[in-house]
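A.B. asks: What follows is a single structure, and I will ask about it in a moment.
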Amino acid sequence: MRAEGEIAKMRVLLLESIHHDAVARLESEGYHVESVRTALDEAELIERIPGVHLLGVRSKTQVTARVLKAADSLVAIGAFCIGTDQIDLGAAASEGVTVFNAPYSNTRSVVELAIAEIIMMTRRLTEKNALMHQGVWDKSAVGAHEIRGRRLGIVGYGNIGTQLSVLAENLGMRVSFYDTDDKLALSNAHRCATLEELLESSDVVTLHVDGRPGNAGFFGAEQFKRMRPGALFLNLCRGIVVDRLALRDALVSGHLAGAAVDVFSAEPKGCGDEFISELRGLPNVILTPHIGGSTEEAQSDIGDFVANKLANFVKDGDTTLSVSPPEQPGIFMKVLPCPKRGAGPVTALRS
5 MRAEGEIAKM RVLLLESIHH DAVARLESEG YHVESVRTAL DEAELIERIP
55 GVHLLGVRSK TQVTARVLKA ADSLVAIGAF CIGTDQIDLG AAASEGVTVF
105 NAPYSNTRSV VELAIAEIIM MTRRLTEKNA LMHQGVWDKS AVGAHEIRGR
155 RLGIVGYGNI GTQLSVLAEN LGMRVSFYDT DDKLALSNAH RCATLEELLE
205 SSDVVTLHVD GRPGNAGFFG AEQFKRMRPG ALFLNLCRGI VVDRLALRDA
255 LVSGHLAGAA VDVFSAEPKG CGDEFISELR GLPNVILTPH IGGSTEEAQS
305 DIGDFVANKL ANFVKDGDTT LSVSPPEQPG IFMKVLPCPK RGAGPVTALR
355 S
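All residue numbers for the sequence shown refer to this note's numbering, where the first residue is 5 and numbers rise by one.
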């Protein structure tokens, strides 16, 4: 039994090395914050989740229906990233758990990485760099091009795709895009009526779609065959959307001149773990460890944004910009401790 007036602690579990700004923000509310550097698998999370009120994840931890069933105190999840496909949103809504993400905070960082990799591949910089480190001086313009005047095809014209469209055009690229939703073309971007039209006309194809189950494997051998010989390919969205063996075949055959891949269907849990991929060792491939949004600026912004969303939800029941509000908030009322005010328990949701 607690003594009268004793302040209970909100328990927060943050996984995958979430930025210290988020930890500081949540601790400033008086919450008890536990931060874990790596992702947890389903069994580990089921063991750790009881008694946790707020859960923070990035892209690797899978918050499944089984995890949510075991979460006896959970009221909100913060996805400290853009995507939410790692969370069973339907199960979260059914269990009365609100989900927040950071839809805008790292878009600039992802776009800058895409631009950098387009330039690196178009100028063959990775090849030149490797030769220099081997002591080989190869001052040749063969196969190297300016990006000015080349056609960039963007698949997925959302927050990242649109910003990439504007920056690429400012660098002199001609831009086309394809999206299943009706999107307004920015500046001089051309909207393609079909994916096939985009693939057949683009010098560079870059994917920026979400990881919903319906998108799994949608870009495979047929799509690579449709691309122009010598084209470049980028995937900075989700690993599951691309058939990696088909991509390897297109690269080894020479049909594609190069590729840059930042995301993988299976990724190591933590830094230093072994990375295994069929794309390792290919000289015309840039591989990066899911760092599209991994800049100090982006991670700080994400930490602040999502932590504020969680804190405001607890204090005021504010679900603004939530991606999965509970289905029936009048039923799923969960009593939370009020850590700083000592005014007794408050409800996380307003009926």
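Built from N, CA and C at the ideal position, the CB exists for glycine as well.
Using 8 Å for Cβ pairs, my map puts E131 next to R62. What's the rounded Cβ distance?
C.D. replies: Numbered from its first residue, the sequence shown carries residue 131 at position 127. Numbered from its first residue, the sequence shown carries residue 62 at position 58. The pair is not a contact, with the Cβ atoms about 32 Å apart (cut-off 8 Å).
A.B. asks: Name the two residues that bound the continuous alpha helix (DSSP H) containing A220.
C.D. replies: Translated into positions along the sequence shown, residue 220 becomes position 216. Careful: A220 lies outside any alpha helix (DSSP H) and carries neither H nor E.
A.B. asks: Mind checking which residues open and close the alpha helix (DSSP H) that includes V256?
C.D. replies: As a position in the sequence shown, residue 256 is number 252, starting the count at 1. Element bounds for V256: R248 to V256.
A.B. asks: So G82 is in the alpha helix (DSSP H); what residue range does that whole segment cover?
C.D. replies: Within the sequence shown, numbered from 1, the residue matching residue 82 stands at position 78. Unbroken run through G82 is the beta strand (DSSP E), A80 to A83; no alpha helix (DSSP H).
A.B. asks: Verify whether the separation of the beta carbon atoms of S208 and L156 is less than 8 Å.
C.D. replies: Position 204 of the sequence shown, counted from the start, is the residue given in the question as residue 208. Position 152 of the sequence shown, counted from the start, is the residue given in the question as residue 156. Per the sequence shown, the amino acid found at residue 208 is Val instead of Ser. Yes, they are a contact pair.
A.B. asks: How close, in whole Å, do the beta carbons of A26 and V310 come, if the pair is a contact with beta carbons under 8 Å?
C.D. replies: Within the sequence shown, residue 26 is the residue found at index 22, counting from 1. Within the sequence shown, residue 310 is the residue found at index 306, counting from 1. That belief holds up - the Cβ atoms of A26 and V310 are roughly 7 Å apart, short of 8 Å.
A.B. asks: Out of T184, A80, A193 and T210, point me to the one whose CA is closest to N174's CA.
C.D. replies: Within the sequence shown, residue 174 is the residue found at index 170, counting from 1. The option with the nearest alpha carbon to N174 is A193.
A.B. asks: According to DSSP, is E300 helix, strand or coil?
C.D. replies: Here the question's residue 300 lines up with position 296 in the sequence shown. Helix at E300.
A.B. asks: Using a Cβ distance threshold of 8 Å, determine whether the stretch 201 to 215 contacts the stretch 242 to 256, with at least three qualifying pairs required.
C.D. replies: Yes, since at least three Cβ pairs between the stretch 201 to 215 and the stretch 242 to 256 fall closer than 8 Å, the two stretches touch.
A.B. asks: Quick one: what's L58 bridged to in DSSP?
C.D. replies: The sequence position of residue 58 within the sequence shown is 54, counting from 1. DSSP, once it has assigned bridges, lists V16 and A80 as partnering L58.
A.B. asks: State the DSSP-derived secondary structure class of G157, mapped to helix, strand or coil.
C.D. replies: If you number the sequence shown from 1, residue 157 lands on position 153. DSSP places G157 in strand when its eight states are reduced to three.
A.B. asks: Should L260 and L236 be called a contact, given that it needs their Cβ atoms to be closer than 8 Å?
C.D. replies: For this step, residue 260 is matched to residue 256 along the sequence shown. For this step, residue 236 is matched to residue 232 along the sequence shown. Their beta carbons are under 8 Å apart, which means L260 touches L236 by this criterion.
A.B. asks: Report the three-state DSSP secondary structure of T292 (helix, strand or coil).
C.D. replies: Taking the sequence shown and counting its residues from 1, the one referred to as residue 292 is at position 288. Looking at T292 - three-state DSSP - the assignment turns out to be coil, as it is neither helix nor strand.
A.B. asks: Using CA atoms only, rank isn't needed, just tell me which of E300, R195 and V114 is closest to N239.
C.D. replies: In the sequence shown, the residue the question calls residue 239 occupies position 235. Of the candidates E300, R195 and V114, the one whose C-alpha sits nearest the C-alpha of N239 is V114.
A.B. asks: Decide yes or no for the touch test of the stretch 117 to 135 against the stretch 271 to 286: beta carbon pairs closer than 8 Å, at least 3 of them.
C.D. replies: Verdict: no, contact absent.
A.B. asks: Tell me whether T323 sits in a helix, a strand or coil according to DSSP, three-state version.
C.D. replies: Position 319 of the sequence shown, counting from 1, holds the residue named residue 323. In the structure shown, T323 sits in coil (DSSP, three-state: anything other than H, G, I, E or B).
A.B. asks: Can you name the residues that DSSP bridges to I91?
C.D. replies: Numbered from 1 along the sequence shown, position 87 holds the residue referred to as residue 91. For I91, which the question treats as bridged, DSSP gives the partners V67.
A.B. asks: Just to confirm the assignment, what range does the beta strand (DSSP E) spanning E38 have?
C.D. replies: Your numbering for residue 38 matches position 34 in the sequence shown. Run containing E38: H36 to S39, per the beta strand (DSSP E) assignment.
A.B. asks: Are the stretch 35 to 51 and the stretch 319 to 328 in contact at 8 Å, needing three or more beta carbon pairs?
C.D. replies: No, because fewer than three Cβ pairs between the stretch 35 to 51 and the stretch 319 to 328 fall closer than 8 Å, the two stretches do not touch.
A.B. asks: When DSSP labels each residue in this structure, what does R178 get in the three-state scheme?
C.D. replies: Residue 178 sits at position 174 when you count from the first residue of the sequence shown. The answer is strand: DSSP assigns R178 an E or B state.
A.B. asks: Using the Cα positions of G34 and E200, report the straight-line distance between them to the nearest angstrom.
C.D. replies: Counting from one through the sequence shown, the residue named residue 34 turns up at place 30. Counting from one through the sequence shown, the residue named residue 200 turns up at place 196. If you take the alpha carbons of G34 and E200, they lie about 54 Å apart.
A.B. asks: By DSSP, does A43 sit in helix, in strand, or in coil?
C.D. replies: Looking up residue 43 in the sequence shown gives position 39. Coil at A43, not helix or strand.
A.B. asks: With V79 and V101 assumed to form a contact (beta carbons below 8 Å), what rounded beta-carbon distance in angstroms separates them?
C.D. replies: Within the sequence shown, residue 79 is the residue found at index 75, counting from 1. Within the sequence shown, residue 101 is the residue found at index 97, counting from 1. The pair is a contact, with the Cβ atoms about 6 Å apart (cut-off 8 Å).
A.B. asks: If you follow the alpha helix (DSSP H) that F228 is part of, which residue opens it and which one closes it?
C.D. replies: Start at 1 with the first residue of the sequence shown, and residue 228 comes out as number 224. Where F228 is concerned, the enclosing alpha helix (DSSP H) stretches over A225 to R230.
A.B. asks: In chain order, what residues of the same chain have a beta carbon less than 6 Å from the beta carbon of L18, not counting five sequence neighbours either side?
C.D. replies: Taking the sequence shown and counting its residues from 1, one reaches residue 18 at position 14. Cβ within range, chain order: S39 and G60.
A.B. asks: Thinking C-alpha only, which one of H24, I22 and L30 is nearest L314?
C.D. replies: Locating residue 314 in the sequence shown gives position 310, counting from the first residue. Selected option, being the one with the closest Cα: L30.
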